[in-house]
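**Student:**
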Amino acid sequence: MTFYIVAGEVSGDVHAANLMKALRGADHSVRFRGVGGDHMIFQGLDCFLHIRRMNFMGLAEVLRNLFSIRNMLRDVKKDIIKCKPDAIILVDYPGFNLQLSHYAKKHGIPCIYYISPKLWAWRSSRANIIRRNVDLMLCILPFEQDFYKHFGYKALYVGNPVPDAIEQHVYDEAVTGSLQKDTRPVVALLPGSRKQEITQCLPVMLDVVARFPKYRFVIAALDHTLSSINDMNHSGVEVLCNKTYELLSCSSAALVTSGTATLETALFNVPQVCCYKTSALTYHVAKRVIRVPYISLVNLIANSPVIKELIQDDFEVSRLSEELQQLTERGPYRETMLKAYGELKQGLGGAGASVRAADHILAFMTDRRIK
60 MTFYIVAGEV
70 SGDVHAANLM
80 KALRGADHSV
90 RFRGVGGDHM
100 IFQGLDCFLH
110 IRRMNFMGLA
120 EVLRNLFSIR
130 NMLRDVKKDI
140 IKCKPDAIIL
150 VDYPGFNLQL
160 SHYAKKHGIP
170 CIYYISPKLW
180 AWRSSRANII
190 RRNVDLMLCI
200 LPFEQDFYKH
210 FGYKALYVGN
220 PVPDAIEQHV
230 YDEAVTGSLQ
240 KDTRPVVALL
250 PGSRKQEITQ
260 CLPVMLDVVA
270 RFPKYRFVIA
280 ALDHTLSSIN
290 DMNHSGVEVL
300 CNKTYELLSC
310 SSAALVTSGT
320 ATLETALFNV
330 PQVCCYKTSA
340 LTYHVAKRVI
350 RVPYISLVNL
360 IANSPVIKEL
370 IQDDFEVSRL
380 SEELQQLTER
390 GPYRETMLKA
400 YGELKQGLGG
410 AGASVRAADH
420 ILAFMTDRRI
430 K
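The numbering of the sequence shown is this note's numbering, which starts it at 60 and goes up by one.
(1) In three-state terms, what does DSSP make of aspartate 426?
(2) Quick one: is proline 169 buried, meaning 16 or more other Cβ sit within 10 Å of its Cβ, or exposed?
(3) Is valine 221 helix, strand or coil when you go by DSSP?
(4) I'd like to know if the region 292-300 and the region 391-409 are in contact, where contact means that at least 3 CB-CB pairs between them fall below 8 Å.
(5) Are alanine 280 and leucine 299 closer than 8 Å when you measure CB to CB?
(6) Comparing C-alpha positions only, which one of Phe276, Leu178, Pro201 and Cys309 sits nearest to valine 234?
(7) Buried or exposed: which applies to lysine 273, given that a residue is buried once 16 or more other Cβ atoms fall within 10 Å of its Cβ?
(8) Tell me the DSSP secondary structure of serine 413 in three-state form.
(9) With respect to the beta strand (DSSP E) encompassing cysteine 333, which residues constitute its N-terminal and C-terminal limits?
(10) Per DSSP, glutamate 368 is paired with what?
(11) Check isoleucine 360 in the structure and name its three-state DSSP category.
(12) Bridge partners of cysteine 198, per DSSP?
(13) Go ahead and pull the three-state DSSP assignment for isoleucine 257.
(14) With a 10 Å radius around its C-beta and 16 neighbouring C-beta atoms as the bar for buried, classify isoleucine 278 as buried or exposed.
(15) Which of the three DSSP states, helix, strand or coil, is assigned to isoleucine 354?
(16) Mapping DSSP to helix, strand and coil, what is serine 127?
(17) Taking DSSP's pairing of strands, which residues face histidine 87 in a bridge?
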């Protein structure tokens, strides 16, 4: 059985890889071709297109690269037909993948979606595209099932895959040992997985460092973000590449660009502030269309302001310093956040989302063969 699997972002690459591992664990004959990154390749992906070519963020960046995106979409469509998969598995990345869902439907290819697009945040009418084109929707946030129910569509909640990623990670003990040897508390800087996020957010994070001389600041980098980080003046601030979980496991506090990283940080019990800044054009467009009160996964899942969100003009050095001061002090502010983290973990449940998703996918494929 062959699946054509498409993930377009770093977090999607990790979660898709864990799904692939679970599918292979249940059925050793399964093969994968598609779009992904190094984690998926490690799990056996025959990679047609690497995600490093697809890291676009914000309206302006997408518009500048529209021609390239269209060409990639065209090429992937051709490769799907050439591959003749038994089904296509789409992982988040809606701007690209919703078009592929239509293409799969048109060509009679069963379409499975793992990690629903965040349609509940904006353009909820696109749920009708899901209803028309997607045969099996596997959600990772507790409230998404009810969202789709409003559109007369049955989606399945499998749990969140972030606990899986944390549980299955193989820790580099040399790195954790080095971090733990220092008597200074560690503050993690997680500036994002895209170049645009790093150029907008990391300079403000770095400007805070001089105000906290008793702390050890460490930047979490990835292979494809390392050059962007090194282009900046981060004198006195270390950089760890591909060691985010090791860093979080040893951190006392964190400054985190919004996204999956906020949930990862919470699951490591690290007090944090969520930071986000984008271009003026993207921000003003987003303000008009986004319908949810929070941008961090932690607050969205809890449906309350568990962590502070400093967005756009609020994301500046003095505000960030004030917040970090509260996070590093042993007091009610920090303890309240940690207590909320505990409640968040209970609501999510433990690991196993990848296995549950794989079980649903294989059951779906079996049902189709029987019919």
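For glycine and all other residues, C-beta sits at the position ideal for the given N, C-alpha and C.
Since the model is a prediction, treat every value here as computed from it, not as a measurement.
**Tutor:** In this structure, then:
(1) In the sequence shown, the residue the question calls residue 426 occupies position 367. Of the three classes helix, strand and coil, the one that applies to aspartate 426 here is helix, per DSSP.
(2) Position 110 of the sequence shown holds residue 169. By the 10 Å Cβ count, proline 169 comes out buried.
(3) Residue 221 sits at position 162 when you count from the first residue of the sequence shown. Note: valine 221 maps to helix in three-state DSSP.
(4) no
(5) As a position in the sequence shown, residue 280 is number 221, starting the count at 1. As a position in the sequence shown, residue 299 is number 240, starting the count at 1. Yes; because the gap between Cβ atoms is below 8 Å, this pair is in contact.
(6) Residue mapping note: residue 234 aligns to position 175 of the sequence shown, counting from 1. Residue Cys309 is the option with its Cα nearest to valine 234.
(7) The residue labelled residue 273 in the question sits at position 214 within the sequence shown. Per the 10 Å Cβ criterion, exposed.
(8) Here residue 413 refers to the residue found at position 354 of the sequence shown. In this structure, serine 413 counts as helix in the three-state DSSP scheme.
(9) Start at 1 with the first residue of the sequence shown, and residue 333 comes out as number 274. Element bounds for cysteine 333: 331-335.
(10) Counting from 1 along the sequence shown, the entry for residue 368 is found at position 309. Answer by DSSP bridge pairing, in chain order: Cys333.
(11) Here residue 360 is taken as the residue at index 301 of the sequence shown, counted from 1. If DSSP states are grouped into helix, strand and coil, isoleucine 360 belongs with the helices.
(12) Stepping through the sequence shown from its first residue, residue 198 is reached at position 139. Beta-bridge pairing links cysteine 198 to Tyr216.
(13) Along the sequence shown, read from residue 1 onward, the residue named residue 257 stands at position 198. Isoleucine 257: helix per DSSP, three-state reduction.
(14) The residue you call residue 278 lines up with position 219 of the sequence shown. Residue environment analysis places isoleucine 278 among the buried positions, since at least 16 neighbouring C-beta atoms fall within 10 angstroms of its C-beta.
(15) Within the sequence shown, the letter at position 295 stands for residue 354. Isoleucine 354: coil per DSSP, three-state reduction.
(16) The residue labelled residue 127 in the question sits at position 68 within the sequence shown. Here serine 127 sits in helix by DSSP.
(17) On the sequence shown, position 28 is the one that residue 87 refers to. BP columns for histidine 87 are empty, so no partner.
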